[in-house]
Amino acid sequence: MSGISPKSTGVSKSKDEPKKTDQFEPRILAFCCNWCSYAGADLAGTSRMQMPPNVRIIRVNCTGRIDISFILDALHQGADGILVSGCHPGDCHYTSGNLKMEARFVLLKSLLTQAGIEPERVHLQWASAAEGDVFSEGVTMMVERIKLLGPNPVRRGT
Ligand code: FES
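Position one of the sequence shown corresponds to residue 24 (our numbering), numbered consecutively onward.
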């Protein structure tokens with residue numbers, strides 16, 4: 024064994040009870056549209072772009088398919104931040120799914136604020152299939168932002 028104990032690292036013994044420490048590693052969930060951002064994320068990976076390993080990706084056909092209940096459920100289940108990434112306006116393969124998501128985001132942020140959850144925990148970005156760097160920068164920005172905010176208050180139980 025490595026000899027590293029939870030006590031020596033300052034990390035909570037329970038995975039379900041994260042502490043706001045330097046060791047806090049945010050769990051970021053990214054919803055990526057299949058046609059642009061998912062390919063951009065793939066490009067970031069195959070191009071070996073620097074990116075924190077904190078993100079898990081869910082591929083959707085279009086950001087317009089993402090109901091805000093998906094995002095609220097993810098936060099309820101312990102995600103610390105949510106990144107939604109889709110085609111640039113005018114490039115959506117379903118004409119206006121991304122614009123519908125953009126409109127839903129206004130409602131989502133309002134709901135989060137009313138629920139006492141920082142709206143900065145969710146972020147919407149546009150990234151094309153050729154913009155692996157944009158996706159990578161979005162993930163990096165989210166990880167840094169959520170580290171400052173600390174664990175999701177739902178996970179903290181506050
Ligand atoms: S197809 Fe990419 S956001 Fe609609």
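Every residue, glycine too, gets a C-beta built ideally from N, C-alpha and C.
Computed from a predicted model, the values in this text were never measured in an experiment.
Residue i beta carbon near the ligand FES (any heavy atom closer than 7 Å)
i	result
G63	no
H146	no
H116	yes
N77	no
N175	no
DSSP state of residue i mapped onto helix, strand, coil
i	result
R79	strand
A150	coil
G101	coil
L68	In the sequence under discussion, the amino acid at residue 68 is Gly, which differs from the Leu named in the question. Helix, per DSSP.
F47	coil
A138	coil
G161	helix
S108	strand
Of the residues the options, the one placed nearest residue i, counting alpha carbons only
i	options	result
I80	V162, E141, G87	V162
D96	L135, G173, Q148, A150	L135
H99	I140, E160, E48, L147	I140
G155	I51, S60, C56, P49	S60
R144	A150, L171, M124	L171
Q148	P142, P112, Q137	P112
G104	F93, C110, D114	F93
C-alpha gap between residue i and residue j, whole angstroms
i	j	result
H116	S108	14 Å
I169	D90	22 Å
P174	L106	16 Å
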